[in-house]
Amino acid sequence: MVALLDRIVAAFVCVFAWVAHAHTQVLVVGGTGNLATKYIWPAFDHLRREPAFADIKLWAGGVGDVASGEATLQSNPVSAALDIRYAKLRAEDDYKNLSVHPDWNAGAITGLIVYLAVPPKYFEEICAWIHTHLRAPSAQWVRIVVEKPFGHDATSAESLAASLRSMFADHELFLIDHYMGKRGVHGLRSFLSLNGVEYSKLWPQLGQILMQEIETVAGRASFFDPVGIVRDVMANHLTLLFGLLNPSPSERRLDLLHDFSYAHTVELGQYDGYQTDVRVETRKDSTTTPTAAMVLFRHKERQVAVVISAGKGLSRREVRLTLQFDDAACDALVFVIQGPSGEYIELCDAWVDKVQAPVGWKVSGRRLLPPAEPRALSAYTFLLGKIVQGDASHFMHIEDILLAWRTWQPILDHTDAVRPHDIMTYPLGDGRFLDRPGAVVSLCTMNFELSMHHVGGLRIQHHDFLLSTMLYKVRQHNCQLPSVHSSQQRMVTMEHQRQELLEELMTWQHRMFQELLAQHFKLVEAHIEVFGTHPLTRRDSMSVNKQPFEEAINPNVSTDSLLVSDFMADLCDAHVGDDGVCTPDQFCRVLDTVISQSTSKPLKMGDKVRTCYIVDRTLHSKRHTDNDLRKVFDYYYSRMGLFLEWVQASAAPDSHEHILVTLLLRMFLSLPPKEKSKRANFASVLSGRMPPLEGSNRDLLGEVLTVLQS
Numbered sequence: 030m031v032a033l034l035d036r037i038v039a040a041f042v043c044v045f046a047w048v049a050h051a052h053t054q055v056l057v058v059g060g061t062g063n064l065a066t067k068y069i070w071p072a073f074d075h076l077r078r079e080p081a082f083a084d085i086k087l088w089a090g091g092v093g094d095v096a097s098g099e100a101t102l103q104s105n106p107v108s109a110a111l112d113i114r115y116a117k118l119r120a121e122d123d124y125k126n127l128s129v130h131p132d133w134n135a136g137a138i139t140g141l142i143v144y145l146a147v148p149p150k151y152f153e154e155i156c157a158w159i160h161t162h163l164r165a166p167s168a169q170w171v172r173i174v175v176e177k178p179f180g181h182d183a184t185s186a187e188s189l190a191a192s193l194r195s196m197f198a199d200h201e202l203f204l205i206d207h208y209m210g211k212r213g214v215h216g217l218r219s220f221l222s223l224n225g226v227e228y229s230k231l232w233p234q235l236g237q238i239l240m241q242e243i244e245t246v247a248g249r250a251s252f253f254d255p256v257g258i259v260r261d262v263m264a265n266h267l268t269l270l271f272g273l274l275n276p277s278p279s280e281r282r283l284d285l286l287h288d289f290s291y292a293h294t295v296e297l298g299q300y301d302g303y304q305t306d307v308r309v310e311t312r313k314d315s316t317t318t319p320t321a322a323m324v325l326f327r328h329k330e331r332q333v334a335v336v337i338s339a340g341k342g343l344s345r346r347e348v349r350l351t352l353q354f355d356d357a358a359c360d361a362l363v364f365v366i367q368g369p370s371g372e373y374i375e376l377c378d379a380w381v382d383k384v385q386a387p388v389g390w391k392v393s394g395r396r397l398l399p400p401a402e403p404r405a406l407s408a409y410t411f412l413l414g415k416i417v418q419g420d421a422s423h424f425m426h427i428e429d430i431l432l433a434w435r436t437w438q439p440i441l442d443h444t445d446a447v448r449p450h451d452i453m454t455y456p457l458g459d460g461r462f463l464d465r466p467g468a469v470v471s472l473c474t475m476n477f478e479l480s481m482h483h484v485g486g487l488r489i490q491h492h493d494f495l496l497s498t499m500l501y502k503v504r505q506h507n508c509q510l511p512s513v514h515s516s517q518q519r520m521v522t523m524e525h526q527r528q529e530l531l532e533e534l535m536t537w538q539h540r541m542f543q544e545l546l547a548q549h550f551k552l553v554e555a556h557i558e559v560f561g562t563h564p565l566t567r568r569d570s571m572s573v574n575k576q577p578f579e580e581a582i583n584p585n586v587s588t589d590s591l592l593v594s595d596f597m598a599d600l601c602d603a604h605v606g607d608d609g610v611c612t613p614d615q616f617c618r619v620l621d622t623v624i625s626q627s628t629s630k631p632l633k634m635g636d637k638v639r640t641c642y643i644v645d646r647t648l649h650s651k652r653h654t655d656n657d658l659r660k661v662f663d664y665y666y667s668r669m670g671l672f673l674e675w676v677q678a679s680a681a682p683d684s685h686e687h688i689l690v691t692l693l694l695r696m697f698l699s700l701p702p703k704e705k706s707k708r709a710n711f712a713s714v715l716s717g718r719m720p721p722l723e724g725s726n727r728d729l730l731g732e733v734l735t736v737l738q739s
């Protein structure tokens, strides 16, 4: 009997010891990298002080050997204090070896968390190795933490999603966006939820989501340049904020995006000095990657617009969300997610007395609603705690990520194909590019003008709209006027601001006219390519517009000077993509065919214009690898003499020959010959062949000669 009792007690002790050593296994792949060092290990250092997170066993995986990996962990005070085990994880065999490592299998594993703190290109193969080798049968659950970016575009994101879903269930994938851990975002979510009844009554007419960063990309330009500001923050962090504006409860965080569409209105910029940062780190001569962007979305049914903007190298570090209402009692709500003064909500007068404040937030002063406590958990500490607890409510769903990519794909297509003259340069440290008075309204004005353009004409009736916009902007300025005691001084100040606003709107009008003109030429060219004739005769033009088109605006005249020949049409069908871009081999074949054809008989003007278009699009395409670009550039430089032969002085400023010369001069300006002797030859030929140039081409020729003679 005593022996039986002894065996029962011994068994109980063994079970107790097994349970006591049960733990959650956490593996950070990329555990010696920057993300782990700056954010992940400090978060676990904070969590380990809480009893609920005591039973966590930490592992760091890296590509280096064990000695160097452990030395790296010990060199940092935070990771050194966490008793982190290190494992070399470079290839599949390393994951297999880890699965049988005694330390990895010590004790009972209740669950496994794997944090992928590595570049996205490694996600799929690492997940496959985890699925094959590290899914312990004894573990009750597995959670895979995936960092942004989830893909590079809509196509790659869908491919990655399909791959991960073939190995893990959706509830096992934690797609982390650290903005979901920010206290300012928690305040925004809670505020709109608690005050949902009032908020749903006041659909905002205009929403503005703005992120400003002081930092440039110096030191990380090699990472940023292939990505750009849209992929870096707008298609993820700021889209998340966009989705949170939904006044109706929804199962998916980004369901609101279904109700909006891209309004084909975008403004792009680079801070002054970005080209130098890229050149130093990547040795690229030039780049069209935007460091700042402003994009307009419109509701599909309501008169509602949302402008999302972000930029680097600006005047301050801030993320702000502003909702403007068409309501006298509540004109605007402002949510500052992060800024110099911390997080806060700025209320409108009508909401001050009836608002329900989020837990931990309280009204300060008349209209401000900040958090009561000055300090909060870091975003990563908050989110890692939720991962350990299995709370997925603060993470993105795969369908949300895919919807975000599909929403932003047209903008990405635009920014990837943008040309240097489409990007404005803004002074470093100057926040007015995105946050200047009236910038958002100007963007909406530009979009309104586009929507008023009807087929067959360029006359835009928008004077009433511009007047209302002007009054709106003057009212906004009026709220920010400096304190002046004299009414006369106040009127002088307002008149000065009115003049500035008028100049700004007139500039937008001019830019919009140029945009419409360019679109018009593209439509005419497309019609000619399909049907072989101009879309409208002069008589048809008069019947549609009640007045003749000017020759400079519409080339709808009875001439075939812009037609492309059959050989060029066949060449484009065989070797040129829909976006005008060729592969390196196709590019070489196109140029060789054009040169061969030009030796047998004169090319048509349309053939030459089309060739210039193909060259420009291919040389500025971001689809090519560095090796591909090197090949197409070398071939272009070896065939530049062809384009020099096409340059002829034109007596008629509005002729198609004049347009061709403009294209060629712009090509020489952006891509001049590399050899000094060839530059000198180009300069000599251009100077002798084009003395009678007038207008814009004369100025353009001056710029080209300056580059060639430098």
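Residue numbers (this note's numbering): 30 to 739.
For every residue, glycine included, the Cβ atom is placed at its ideal position computed from N, Cα and C.
On the CB-based measure, 16 or more other CB atoms within 10 Å of its CB, does residue i come out buried or exposed?
| i | result |
| --- | --- |
| LYS630 | exposed |
| TRP170 | exposed |
| PRO403 | exposed |
| ARG395 | exposed |
| ARG172 | buried |
| ASN656 | exposed |
| MET209 | buried |
| ARG242 | It is worth fixing the name first, because residue 242 is Glu in this sequence and not Arg. Buried. |
| ARG114 | buried |
| ASP261 | buried |
| SER650 | buried |
| LEU552 | exposed |
| ASN275 | buried |
| ASP595 | exposed |
| ASP569 | Note on ASP569: pLDDT 43, under 50, position unreliable in the model; the coordinate value appears next. Answer is exposed; the Cβ neighbour count stays below 16. |
| SER422 | exposed |
Going by the beta-carbon positions, is the gap between residue i and residue j smaller than 8 Å?
| i | j | result |
| --- | --- | --- |
| ALA712 | LEU734 | yes |
| ALA65 | ALA100 | no |
| VAL147 | GLY93 | no |
| VAL324 | VAL348 | no |
| ALA695 | ILE624 | This sequence places Arg at residue 695; Ala is not what is there. Cβ atoms of ARG695 and ILE624: not closer than 8 Å. |
| VAL593 | ARG652 | no |
| GLU310 | SER251 | yes |
| LEU217 | SER338 | no |
| VAL619 | ILE643 | yes |
| VAL259 | THR444 | yes |
| ALA165 | LEU141 | yes |
| ASP621 | TYR455 | no |
| ILE751 | ASP199 | With the chain covering only 30 through 739, there is no way to say anything about residue 751. |
| LEU285 | LEU221 | no |
| GLY419 | ALA401 | no |
| ARG282 | GLY460 | no |
| GLU686 | MET634 | yes |
Suppose the cutoff is 6 Å on Cβ atoms and the five residues either side in sequence are ignored; what does the same chain contact list for residue i look like?
| i | result |
| --- | --- |
| VAL363 | THR351, GLU375 |
| GLU121 | TRP158 |
| PHE253 | VAL246 |
| TYR144 | VAL57, VAL174 |
| SER515 | Reliability fails at SER515, whose pLDDT of 45 lies under 50, so the model's placement of it is uncertain and the value that follows must be treated cautiously. For SER515, where only same-chain residues beyond five positions count, there are no Cβ hits under 6 Å. |
| HIS266 | TYR208 |
In chain order, what residues of the same chain lie with their CB nearer than 7 Å to the CB of residue i, ignoring the 5 residues before and after it?
| i | result |
| --- | --- |
| ASP182 | TRP434, GLN438, LEU441 |
| GLU732 | LEU698 |
Any beta-carbon of chain C closer than 8 Å to the one on residue i?
| i | result |
| --- | --- |
| GLU296 | Here chain C cannot be found, since the structure has a single protein chain. |
Would you please state the rounded distance, in angstroms, between the beta carbons of residue i and residue j? I believe it to be under 8 Å.
| i | j | result |
| --- | --- | --- |
| THR410 | HIS75 | 5 Å |
| PRO702 | TYR665 | Not quite, the Cβ-Cβ distance comes to about 10 Å (not below 8 Å), so this is no contact. |
| VAL214 | ILE366 | 6 Å |
| ILE85 | ARG77 | 7 Å |
| ALA292 | PHE326 | 6 Å |
| GLY298 | THR320 | 7 Å |
Given residue i, which residues of its chain have a CB within under 8 Å of its CB, disregarding the five upstream and five downstream residues?
| i | result |
| --- | --- |
| ASN224 | TRP380, VAL384, GLN385 |
| LEU431 | ALA183, ALA186, GLU187, ALA190 |
* What are the start and end residues of each continuous alpha helix (DSSP H) run of 4 or more residues lying completely inside the stretch 150-231, in chain order? -> 152-158, 183-194, 212-223, 225-230
* **alpha helix (DSSP H) segments (min. 4 residues) lying fully within the stretch 234-298** => 250-253, 268-272
* Asked: Could you give the uninterrupted runs of the alpha helix (DSSP H) lying entirely in the stretch 360-393, keeping only those of 4 residues or more?
  -> none
* **beta strand (DSSP E) runs wholly inside the stretch 75-151, at least 3 long, in chain order** => 85-91, 114-117, 138-145
* Can you give, in chain order, each stretch of the beta strand (DSSP E) that sits fully within the stretch 299-370 and has at least 3 residues? -> 321-328, 334-340, 347-353, 361-367
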